[in-house]
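*Asks:* Mapping of the sequence shown onto this note's numbering: position 335 corresponds to residue 596, and the numbering continues sequentially without gaps.
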Amino acid sequence: MTDATLSRRSLLAASALIGASALLTGCDAPESAGSAPADNLAEADGAAGGAASENLPASTDAPAATEREPEPRSAAERILGTMTREQKVAQLFLVTPEGLTGVATATIAGPMTAEALGRIPVGGLIYFAKNLVGAQQVRDLLSGTGALGRRAGAGVPPFLGIDEEGGTLVARIAKSGLFDVPTFPNMAEIGATGDPARAAEVGTAIGGYLREIGFNLDFAPDADVLTNPSNTAIGVRAFGSDPELVAAMVAAEVAAMLETGTLPCAKHFPGHGDTAGDSHTGAVRTERSRADIESCEFAPFRAAIEAGCPLVMVGHIQTPNFAGDGLPASLSPTMMTDVLRGELGFDGVIISDSFGMGAITQNFAPADAATRFFQAGGDMLLMPQDLSAAYQGVLDAVTSGALSEKRVDESVRRILEAKERAGILPA
């Protein structure tokens, strides 16, 4: 795809960021790199109009003032108002079809899926290579699951998501051999071109074929800045090591994917590019300073948010020189509420990385981990180790008052608004 075919939104999102890259060095810059730009925290101020002129005569036959019609409620607000507590809590979970049904490998949406959604009408499902055995089978699986979701609970269709970053490592559809779709080199090669139009091309192509197949959510792009060359968990999945270059690439891909109707999800906040470990097997941490993290790791997430990214995935990454609470970011009120919501101004869906990973399961029981995540400000929990235990744990927390109904409503509203944006909520 050429520059001429790129959307205006994709180019504006990218150009505003790439222009700043000449002013900054890469992430190895001294700690004096500074904190987030002040304009991220700016608010628009307005002044009320002046008083009426004293020189105008009073009117005796002016029409009587009429009350303004109330604004029509959005689909998200309307549906939220009809939901039970159980239905709301179910929306907070996004799981594998196996985690939902208990089967070893799910390839159809049949009676077991219907029964499971009747018990816990989850907010979404994520699919992996083992769920993909044929082109028509995948389409039937997705359409069938969507239909069953619309008949369960409050009638809210589920997110149908997949990890499709492109490249040689994380591209479930492109690597399946089942579909005739474009393929791309690793994002490190895309980033090395220095051209955000290439990242926009990735977003347009991947978002387009996912939407056509039946997905509505992609856990991409990777917004990590690769500052540790020994990092094997991220490696060539990242666009590069320069924060402003990565920011421009991420913004371009997010904007382009949104235009296809597929929702992107930037990951892994607060940044997985410096860590030496892998959260799949245990706790990971970054020793970088607060100033370094704010000036480097946060840059692509700021860019994604400014480009309209509706979801951000929070990783199981400890930041002892930043949050200092001893918790992974996925359980940290500091990182999720104070920083991602407050400092970066993100008002979309905060989704966790998988809670089936060792970084969580080695330290927390499913119910405790889930409750902590929502108490800390998260909205949607990905792949709990035990869905039933986590779901019941959150319900019990709401009943006891340990987790407020208001906190749950805030998250469900964000989830429904994202679904409305994807065009999957009933009118």
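Each residue gets a CB set at the ideal place from its N, CA and C atoms; glycine is no exception.
1. Look at A571 and A679 and say whether their C-beta atoms are less than 8 Å apart.
2. Looking at V545: is its Cβ nearer than 8 Å to the Cβ of I578?
3. Taking the straight line between their C-alpha atoms, what separation do you get for L421 and L471?
4. Taking I340 as part of the alpha helix (DSSP H), name the residues at either end of that continuous run.
5. Over what stretch of residues does the alpha helix (DSSP H) that includes A527 continue unbroken?
6. Cβ of E347 within 8 Å of Cβ of L656?
7. Rounded to whole angstroms, what is the Cα-Cα separation between I279 and T595?
8. Closer than 8 Å is the cut-off here; do at least three beta carbon pairs connect the segment 615-623 with the segment 631-649?
9. Considering only C-alpha positions, which residue in the set E505, R339, G501, T622 is nearest to A447?
10. Under 8 Å between the Cβ atoms of A650 and A628?
11. Please confirm whether V573 and A527 have their CB atoms less than 8 Å apart.
12. For P571, which of helix, strand or coil comes out of DSSP?
13. Would you give the residue range spanned by the beta strand (DSSP E) that I554 belongs to?
14. Please work out which residues of its chain come closer than 7 Å, Cβ to Cβ, to F562, disregarding the five sequence neighbours upstream and downstream, and give them in chain order.
15. Identify every run of the alpha helix (DSSP H) within the segment 457-494, keeping only runs that are complete inside it and at least 4 residues long; order them along the chain.
16. Over the uninterrupted beta strand (DSSP E) stretch that includes L355, give me the two end residues.
17. Return the first residue and the last residue of the alpha helix (DSSP H) that E520 is part of.
18. Under a three-way DSSP split, which group does F420 fall into?
19. Along the chain, where does the beta strand (DSSP E) that runs through R387 open and close?
20. So, helix, strand or coil for D670, using DSSP?
21. What are the start and end residues of the alpha helix (DSSP H) that includes V659?
22. Compute the Euclidean distance between the alpha carbons of R682 and V515, then round it to the nearest angstrom.
23. Indicate whether the contact test is met: 3 or more Cβ pairs, each with one atom in the segment 386-394 and one in the segment 429-444, closer than 8 Å.
24. Out of L378, A512, S661, G638, which one is the CA nearest neighbour of R411?
25. Do you know whose CA, among G385, F480, G654, R668, lies nearest G625's CA?
26. Under a three-way DSSP split, which group does R380 fall into?
27. Contact check, G475 vs T521 under 8 Å by CB: the rounded distance?
28. For V669, count neighbouring C-beta atoms within 10 Å of its own C-beta (all shown protein chains included) and say buried if the count is 16 or more, exposed if not.
29. I'd like the list of long-range same chain contacts for N492, defined as Cβ closer than 8 Å, with 5 residues on each side in sequence excluded.
30. What did DSSP end up calling P627 once you bin it into helix, strand or coil?
31. According to DSSP, simplified to helix, strand and coil, what is G501?
32. Roughly how many whole angstroms lie between the Cα atoms of A323 and G342?
33. Quick one: Cα of E582 to Cα of S437, how far?
34. Between I685 and the rest of its own chain, which residues show a CB-CB distance below 7 Å, the 5 nearest in sequence each way excluded?
35. Nearest-angstrom Cα distance between T488 and A453?
36. Nearest to V383 by alpha carbon, out of A351, G638, A367?
*Replies:* Let me lay it out:
1. The residue you asked about is not Ala; residue 571 is Pro in the sequence shown. Closer than 8 Å, so yes.
2. Judged by beta-carbon spacing, I578 lies within the 8 Å limit of V545, meaning their Cβ atoms are closer than that value.
3. Their backbone Cα atoms lie some 10 Å apart in a straight line.
4. Taken as a continuous stretch (DSSP letters only), the alpha helix (DSSP H) holding I340 covers 336-341.
5. Taken as a continuous stretch (DSSP letters only), A527 belongs to no alpha helix (DSSP H), being part of the beta strand (DSSP E) at 524-530.
6. yes
7. Per-residue confidence for I279 stands at a pLDDT of 48, beneath the threshold of 50, marking its modelled position as unreliable; the derived number appears in the next sentence. Pairing I279 with T595, the inter-Cα distance amounts to about 29 Å.
8. yes
9. For the record, residue 447 in the displayed sequence is Asn; it is not Ala. Checked all of E505, R339, G501, T622; the closest Cα to N447 is G501.
10. In this structure, A650 places its C-beta atom within 8 Å of the C-beta atom of A628.
11. yes
12. coil
13. Counting along the chain, I554 falls outside any beta strand (DSSP E), and DSSP gives it neither H nor E.
14. For F562, where only same-chain residues beyond five positions count, the Cβ hits under 7 Å are A484, A527, F530, V573, L605.
15. 457-474
16. 354-356 is the extent of the beta strand (DSSP E) around L355.
17. Counting along the chain, the unbroken alpha helix (DSSP H) around E520 starts and ends at 504-521.
18. strand
19. Looking at the sequence itself, residue 387 is Ile, so the reference to Arg does not match. Element bounds for I387: 385-388.
20. helix
21. 648-661
22. 14 Å
23. yes
24. L378
25. The residue asked about is misnamed: residue 625 is Phe in this sequence, not Gly. Cα-wise, what sits closest to F625 is G654.
26. helix
27. Contact doesn't hold; Cβ gap of about 13 Å is too wide.
28. buried
29. H533, G534, D535, T536, A537
30. For P627, the three-state secondary structure derived from DSSP is helix.
31. Looking at G501 - three-state DSSP - the assignment turns out to be coil, as it is neither helix nor strand.
32. Note that A323 scores a pLDDT of 46, beneath 50, so its modelled location is shaky; the value from the coordinates is reported in the next line. Approximately 40 Å, taken between the alpha carbons.
33. Residue identity check: residue 582 is Asn in the sequence provided, not Glu. Here the C-alpha atom of N582 lies approximately 41 Å from the C-alpha atom of S437.
34. P418, N477
35. 15 Å
36. A351
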